[in-house]
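Let me begin by presenting the structure, written as structure tokens, before commenting on it.
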Amino acid sequence: MSLPRLFTACLVLVFAFTAGACASSKKKKDYETAVVRFMFESNGREVAGTARLPRSGTVISIAPKAQFTEYDIKRCGVVQNEFGPSLMFELTAEAAKDLFRTTATSQGRRIVTVINGRPVGAARINAPLGQGIIVTYVELDDADLEKLAKDITRTSEDLREELEKKTQ
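Be aware that the sequence shown starts at 1166, since it is given in the working numbering, and climbs by one per residue.
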């Protein structure tokens, strides 16, 4: 075998082993990605657009930037409240502090829950949220909520873990 061919063969082998190692180190997802953003109702000064809820058709003017994202969610679960089955989002400690500060100055407005780019629910801010928990009735099928809550939790956990690896 000639030297250029030998060199090319070695490069191909190295590339194959490297690509195989990279592919095998990726974690296989056994859930559907559910990216959550919490948009606040606009205060009237800055409006990015509107969010229309799927069942009620309620239209809410929203601020241009998400206040909280999938990276801020520690856990998501399903709870019962006066509106029926609802999603409960527990935020990270840092996000919980921001939630308290933000909701203290946003009383009367609504937090719109957006999942994978679709507005699905809203909750009115009646008082500062000091426990780092957002509970919102979502206009989705009740039967899908348990799986959705698990998908949200897994998505947020994996994204935070990925971010931590990148910043180390």
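Even for Gly, the Cβ is constructed at its ideal location relative to N, Cα and C.
DSSP places Arg1289 within a strand segment (E or B) once states are collapsed to three.
Burial is judged here by how many other beta carbons sit within 10 angstroms of a residue's own beta carbon; Glu1197 has fewer than 16 and is exposed.
Glu1255: member of the beta strand (DSSP E) spanning Gly1249 to Leu1256, first to last residue. Counting C-beta pairs with one atom in each stretch, the stretch 1259–1266 and the stretch 1282–1292 have fewer than three that are closer than 8 Å, which means they do not touch. The C-alpha of Thr1278 is placed about 8 Å away from the C-alpha of Ala1288.
In terms of CA proximity to Ala1269, Ile1290 leads the group Thr1234, Arg1210, Ser1221 and Ile1290. Counting the other Cβ atoms within 10 Å of the Cβ of Ser1321 gives 16 or more, which makes it buried. One alpha carbon belongs to Thr1332, the other to Leu1324, and they sit about 12 Å apart.
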